[in-house]
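Taken in sequence, the protein lines are chains S and V.
Per this note's numbering: the first sequence = residues 1 to 585.
Per this note's numbering: the second sequence = residues 586 to 1010.
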Amino acid sequence: MRRDPVLGQLALLDDVGPPRRGRAYPATGATWALLAPAALLLGGLLAWPVLRTVQASVTTDGRWVGAEHYRAALTSPGAGAAVGRTVLWALLVPTVVTVLGYLLAAASRRSQEGWLVRFILVVPTALPLVVTGVTFRLLYDPDPQRGPVTLLLAWLTGTPERVPHLLGPRLVTVAVMSAFVWAWVGLAVLVFRAALDTVPADLVDAVRAFGGSRRDVFWDAQWRPLMLRTVAVVFALVAVGTSRTFDLILVMTPGSVRDEASVLALRIWQTSGATTTGQGAALGVIWLVAVTAGMLVVSMFIRQAWPPPPPRAVPASAPPPRRLVRLLAAAAAVAWLLPLGVLAATSSQSPVRAATAAWWSGPPGLDSYRAVLGGTGLWRSLGFTLLLALVVTAVVLCVALLAAYPLAWLTGPPAQAVGLALLAAAVVPVQVVAGPINEVLGLALSSGTARGLALVHIALGIPFAVLVLRNAFADLPADQVRAARLGERHLWDTLRRLVRHHRTAVVAVAVLEFVQVWNDLVVGLLFSGPDAAPLGWFLAEQTRGFVTGSGTLAAGSVLASILPVLVFVLGRRQIVAGLVAGGVR
Amino acid sequence: MTAAGRLRRRTLLRSAVATTVAGAAGCARGPRPVQVAVVWSGAELTRFREVVAGFPDVRVIGVGNDIDAFLTARMLAGTSPDVAILPRPGLIVEYARRGWLDRVAPASSYLAPAGMADLLTVDGHRYGLWIKAAHKSLFWHFPSMLAEPPRTWDALVETTRRLGARHRAGEGPAPLAVGAADGWVLTDWFENVLADIARPGGYEALARGEADWQGPPVRDALDRLAELWSIDGAFPGGGQRALLTQFEESVIQVAHHRSAVMVFEADFVDGVAARFRRGTEPLVTFRFPGSRVADQPLVVGGDAAVAFTGSAAGVELVRWLSDAAAFRPWLEAGGYLSPNLVVPVNNYRDPLRRRLAAEFRAVEALRYDLSDRLPGTFTGTDGVGIWRIMQDFFMDVTDGVAAREAVRRATGQLAEAARAAGSGR
Chain S
1 MRRDPVLGQL
11 ALLDDVGPPR
21 RGRAYPATGA
31 TWALLAPAAL
41 LLGGLLAWPV
51 LRTVQASVTT
61 DGRWVGAEHY
71 RAALTSPGAG
81 AAVGRTVLWA
91 LLVPTVVTVL
101 GYLLAAASRR
111 SQEGWLVRFI
121 LVVPTALPLV
131 VTGVTFRLLY
141 DPDPQRGPVT
151 LLLAWLTGTP
161 ERVPHLLGPR
171 LVTVAVMSAF
181 VWAWVGLAVL
191 VFRAALDTVP
201 ADLVDAVRAF
211 GGSRRDVFWD
221 AQWRPLMLRT
231 VAVVFALVAV
241 GTSRTFDLIL
251 VMTPGSVRDE
261 ASVLALRIWQ
271 TSGATTTGQG
281 AALGVIWLVA
291 VTAGMLVVSM
301 FIRQAWPPPP
311 PRAVPASAPP
321 PRRLVRLLAA
331 AAAVAWLLPL
341 GVLAATSSQS
351 PVRAATAAWW
361 SGPPGLDSYR
371 AVLGGTGLWR
381 SLGFTLLLAL
391 VVTAVVLCVA
401 LLAAYPLAWL
411 TGPPAQAVGL
421 ALLAAAVVPV
431 QVVAGPINEV
441 LGLALSSGTA
451 RGLALVHIAL
461 GIPFAVLVLR
471 NAFADLPADQ
481 VRAARLGERH
491 LWDTLRRLVR
501 HHRTAVVAVA
511 VLEFVQVWND
521 LVVGLLFSGP
531 DAAPLGWFLA
541 EQTRGFVTGS
551 GTLAAGSVLA
561 SILPVLVFVL
571 GRRQIVAGLV
581 AGGVR
Chain V
586 MTAAGRLRRR
596 TLLRSAVATT
606 VAGAAGCARG
616 PRPVQVAVVW
626 SGAELTRFRE
636 VVAGFPDVRV
646 IGVGNDIDAF
656 LTARMLAGTS
666 PDVAILPRPG
676 LIVEYARRGW
686 LDRVAPASSY
696 LAPAGMADLL
706 TVDGHRYGLW
716 IKAAHKSLFW
726 HFPSMLAEPP
736 RTWDALVETT
746 RRLGARHRAG
756 EGPAPLAVGA
766 ADGWVLTDWF
776 ENVLADIARP
786 GGYEALARGE
796 ADWQGPPVRD
806 ALDRLAELWS
816 IDGAFPGGGQ
826 RALLTQFEES
836 VIQVAHHRSA
846 VMVFEADFVD
856 GVAARFRRGT
866 EPLVTFRFPG
876 SRVADQPLVV
886 GGDAAVAFTG
896 SAAGVELVRW
906 LSDAAAFRPW
916 LEAGGYLSPN
926 LVVPVNNYRD
936 PLRRRLAAEF
946 RAVEALRYDL
956 SDRLPGTFTG
966 TDGVGIWRIM
976 QDFFMDVTDG
986 VAAREAVRRA
996 TGQLAEAARA
1006 AGSGR
C-alpha cells in the first residue's frame, strides 16, 4: 500500500509554467549523477518489481498462460466482494471525508476556539493507524462490560442479547470506515483551511457588494476560483489513502469477520503473503491499473480548473461563522476526543482489569504502563523505530534533493512525463510488489534485515519527496537563482543555497517522511526480519490476543503515539506552507 | 567550468553512486549466530530463549503466525534462517519436497509417539524432529460449577441442554464458552469429533487429501457439532457474540466471569486461566467426550524443528533440541509438554502435565491435528481455508440454519477448498 502522499499532490498535479524555467540548466553529466541514486532505488525497488508482477500475472513457472490467472482470481469465492468493497471505499469514504473536512474547516475559521477545534481534529491524523485500529476496537468491543458503544446500543435497544455488534459480520465495514474517517478528517481540514485562506478577500467583498448571498459568495468567490481544485485534490488524496485500510482491517477485525471486511489489499496479502503468485499478481495488476488511472483522471480534472489567484493574507475584519455552526464544530471536536479518551482510560487500567472489566468502573493506575515498560520488547522497538525513521528521513531527503534539482529545470512534455511517473510511483501499493522486492533485496543480501527494511522505506518515500522538492525548486524567483549562481561558483554550493531558500518544503518532507516511517505497519509486516521489529509490527502482533492484552496494548499504543503527534502538530504550519507553496502558483 | 569544479562534480557523482551501491549491496556476511525462527511470542518465546541459552550463540526470531510467508520470502531471497520451528507438518513436507530442508538425525535420547514421527518423513528420510507437544482433547471447568463431568458425547449434549435451558431462564451461566473468532478453536472441535467417528484410516486419508470431504465421516462429524452448537443458550451472549470471542477471552469467561461452565481447548489453557482466575479454586479437566468411554483417540498438536539447507550448525542445533535433556528449563518452569517419550514423567513439575505425559504414553491411537496437515491455503489462517469454513458453519448453525443445510454447505466448501489446494501445486 502507498503511504499518504499528502499535500504534495497540490504541487505535483500542477505543472509549473515555462517562464520560470530554463534559468540554469545543470550540465548533462551532472544531471545524471544527481539523478542516479533516485533512479537506481526507484528502478530496482519499484519499477522492476512492478514489471515482475505484471509478468507473474500472465505466466505460470515462466510459461505464458494469458488471462487465466485473472479469470481464476476474479471468480474465486469472495474476490468479487473484495473488489466491490475496495471501490466502495475509494468512492464513499473520500466523499465523507471531503464534505466533513470542508464543513469543519469553514466552521472553525476566524473564531476564537477554532484553533483548538482544528488542533483536536489533527491529532488523529498523526496517530499510527495501528493505534487507531486498537482504539476503535476498544470502542466497539462486543462486550457491554468493556465496549461503551455496545453498552449504549444495549441501553437504546433494551435487549442486551440482541445488540447489533459493530464488529459483527454485517457492520464491520461501517466500523472500519468510521475509524478511517476519524483519522483522516484532520488532514482534509488542514488542506481546506490553507485553501480558504488563499481566497482573496476582495473577491468576496466584490460579490457581497453586488448583493450576493452567502451561496453566491461560496460559489463565485470560493468554489469556482479555488475550491474545485482543492476538493479534487483532497478527494484523490483520501481515495489513494483508502489503500491504507489494510492496517485498520488487520488490527480491528477478529478472524471470523475478516472476510466480511476484506478489500483487495488484504486479499492479495492473504493469498500471496510476501511472495508473488499468479492470482495474487493478477489482483495486484488490476489494483495498480485502477489506482494509477484514477489519479490520472483526477489530475486532468484539476488541470482544467481555473488557475488560482496568488495567496494573500486574510483581513482580520471578516466575520466569524454563525454561532450554530461554531457550536457544531465544537461538538465535532468533543466527539473526536472520545476515542482518545477510551484509549487513555483503558491504558490506565491494570492488565487484568482491562481484560475483565469496564475502564470506567475502576480507579486509574499505572500497572499496564509498568508491565509494558518492564519488558524489553517495547523499548527495543521504540529505539529501533526511532533510528529507522531518522536514517530513512535523512537518506530520502538527500537523494530527493539531488534528484529534484535537475528535474526542476525540465520543461514541457518531459516535465509532465516525469511528474506522472513519479505520481504513479508514489501510489504503488507495496503489497502488490512485495514478492519481487524481496527478490531484489535478496540479491543485495538484505532481505529480512534492518537494512532491507530501510531500503524499502527509502524507495517508497522518494517519489513523493522528489515531487514536492521539484515543485519548490521550480518556484524559486529568478533573481534568487541568479544570486545563488553568482555567489557560489559550484553546483554543490548552488544546491545548498537553494535548499536554504526552501526550508519549509524540506521541513515538510522531513516531517511527513519521519511520521510515515514511524507509523508504518505494512512495510514492517512484509519486510522486517530478525534484527528489525518496528513499532507498528510490534503492536499489531499483540492484537492476536486482543482482550487479554488490551491494557498493555493500550499503554503501548499511547507511548507509540506521543512522538508522531508531537512532530506532526509542531510541524503542521510548515507542512502546509511548504507543500502548498510549490503548488498553488 | 574550472578543473577544480569538474573534480568536485566528479567526487559528488562518485560518492552518490558509492553510497547507493554500498547501501544496496550491503557488506558480506561474516560469522553470525545460528538463527532460529519460531512462531511463539510472549512467555513461550522467553522460555524458549532460556532453553537455547544452553547452545552456543543462538539467535531466536519470533516471527508470529505468518511464519510461512516469512520463510518463503527469506528462502527466495537466499537469507533463510538456519532453523525454523513450525507447527505444521504439512508445511514441512512441502518444504522438504522443494528441497529447502536438510535431513536431520535425532539425538540418542529421542523417541516420538508413533502417530507423530512419520509425519516428518519424505521418501523415508527424516526432515524434522518434534520438540513440543500439545494435548488437544481437554475440557476445563470448576468442580464447584459442574460436579459430574460428562463422559460421553451424548452426556455432553444432555448437560449442555440442561444448563442452556437454565441459562435461558436467567438462572445460571451458559454451558459452553467458545473462542470462535479464532478459527483454530473450531477446527480443534471438529478434529476431536472426527477422530472419534472416522475409521482409523479415514482420518489419516483425509489429512493426506485422499478421502472425500463430502463423505460420511465428515458429514457425521459436522452433524454432531451442529447438534451441540445449535442448542439455544449454549454460549454466553449467543452465537454472534461467540464469533467475536477470541480463544483467550473464552477462557476468561469461565475462569474469571464464570459466565460459562466449560471451555474446550488444549493444555495451554492453564496459562491464561492462572492469570485471570478469581479465588483459589483451580480449574480441572476432563477428556473430550466421544461415543465410548474407553480407548478414545487423542488429538495432539506440536512444534517441530527443521534445518534449512546448507547449515551444518542448523542440523546440529536441531539434533541438540531433540535431546531429552534440552528442554529442562521449560519443563521446570511448567507449561511444557514434551513429545519425547524418553523424558521421564517425574521430570514434570506441574501435576497436570505429568498426567498428560502419562496419557501420551498410555494412549493407543494418537491423531495429529488435521488442519495443520492440510496443504496450501486449505490449512487455514484468519479468514482463509478450513478456519474460515468452520466459522461459516458455526455461524450457520447458531443462526438457525437447519443442520442438514449447514452440513451440505460446509462439506461443499471443504471439497472445493481441497480441490483448489490440490490443483495449486
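Beta carbons: idealized from backbone N, C-alpha and C, even for Gly.
CA-to-CA, the gap between S:His-69 and S:Leu-327 works out to about 54 Å. In its chain, beyond the 5 residues on either side, Phe-192, Leu-196, Pro-321, Val-325 have a beta carbon closer than 8 Å to the beta carbon of S:Ala-106.
Interface flag for S:Ser-256 against chain V is set, since a Cβ pair is found closer than 7 Å. For V:Arg-644, the enclosing beta strand (DSSP E) begins and ends at 643–647. For V:Arg-973, the C-beta contacts it makes with chain S under 7 Å involve Asp-259, in order along the chain. DSSP links V:Leu-761 through a beta bridge to V:Met-847. Among the bridge pairs identified by DSSP, V:Thr-830 is matched with none.
Taking C-alpha positions only, S:Trp-409 is separated from S:Gly-461 by approximately 22 Å. Here V:Lys-717 is bridged, per DSSP, to V:Asp-888. For S:Val-54, the secondary structure class from DSSP, reduced to helix, strand or coil, is helix. In the three-state reduction of the DSSP assignment, S:Phe-568 falls in the helix class, which pools H, G and I. S:Gln-270 has a beta carbon lying within less than 7 Å of a beta carbon in chain V. With contacts defined as CB atoms closer than 7 Å, V:Leu-779 and V:Ala-796 fail to qualify as a contacting pair.
Sequence-ordered contacts of the stretch 150–181 of chain S with chain V read Glu-161, His-165, Leu-167, Gly-168 [C-beta pairs closer than 7 Å]. Distance between V:Ala-759 and V:Ala-750, taken at the CA atoms: about 9 Å. In this structure, S:Ala-56 is the residue among S:Ala-345, S:Leu-40, S:Leu-35, S:Ala-56 with its C-alpha nearest to the C-alpha of S:Gln-279.
With fewer than 16 other Cβ atoms inside 10 Å of its own Cβ, S:Phe-210 counts as exposed. Contact note: V:Glu-776 does not reach chain S at a C-beta cutoff of 9 Å; the least C-beta distance is about 18 Å. Rounded to the nearest whole angstrom, the C-alpha separation of V:Phe-873 and V:Leu-723 is 5 Å. Within a 10 Å sphere around the beta-carbon of V:Thr-865 sit fewer than 16 other beta-carbons, which makes this residue exposed.
Interface criterion met: the Cβ of V:Glu-834 is under 7 Å from a Cβ in chain S.
Between S:Val-430 and S:Val-285 the beta-carbon gap is near 15 Å, outside 8 Å, which marks them as no contact. In the three-state scheme derived from DSSP, where H, G and I count as helix and E and B as strand, S:Trp-64 is classed as strand. Bridge partners of S:Trp-269 according to DSSP: none are assigned. Under the 7 Å criterion on CB atoms, V:Ala-890 is classed as non-interfacial with respect to chain S. Between the beta-carbon of V:Leu-810 and that of V:Phe-775 there is about 7 Å, and that keeps the pair under the 8 Å contact cut. Residue range 79–107 is occupied by the alpha helix (DSSP H) that includes S:Thr-86, with no beta strand (DSSP E) assigned at that position. Around S:Phe-546, the beta-carbon contacts reaching into chain V at under 7 Å are Gln-831.
Annotated as distal: V:Ala-910 and V:Val-927, with beta-carbon spacing of 7 Å or more. Inclusion of S:Val-97 and S:Val-176 in the CB contact set at 7 Å is not warranted, their separation being larger than that value. Under a 10 Å Cβ-count criterion, S:Pro-564 is classified as buried, with 16 or more other Cβ atoms of the shown protein chains found around its own Cβ. Beta-bridge pairing by DSSP links V:Ile-670 to V:Val-623, V:Ala-890. By the criterion of a C-beta distance shorter than 7 Å, S:Tyr-102 is surrounded in its chain by Phe-192, once the five residues flanking it on both sides are discounted. Comparing C-alpha distances from S:Arg-170 to each of S:Val-257, S:Met-227, S:Ala-194 shows the shortest one belongs to S:Val-257. Counting only runs of 4 or more residues that sit fully inside the stretch 432–472 of chain S, the alpha helix (DSSP H) segments are 434–443, in chain order.
Contact with chain V is absent for S:Pro-463, since none of that chain's Cβ atoms lies less than 7 Å from the residue's Cβ.
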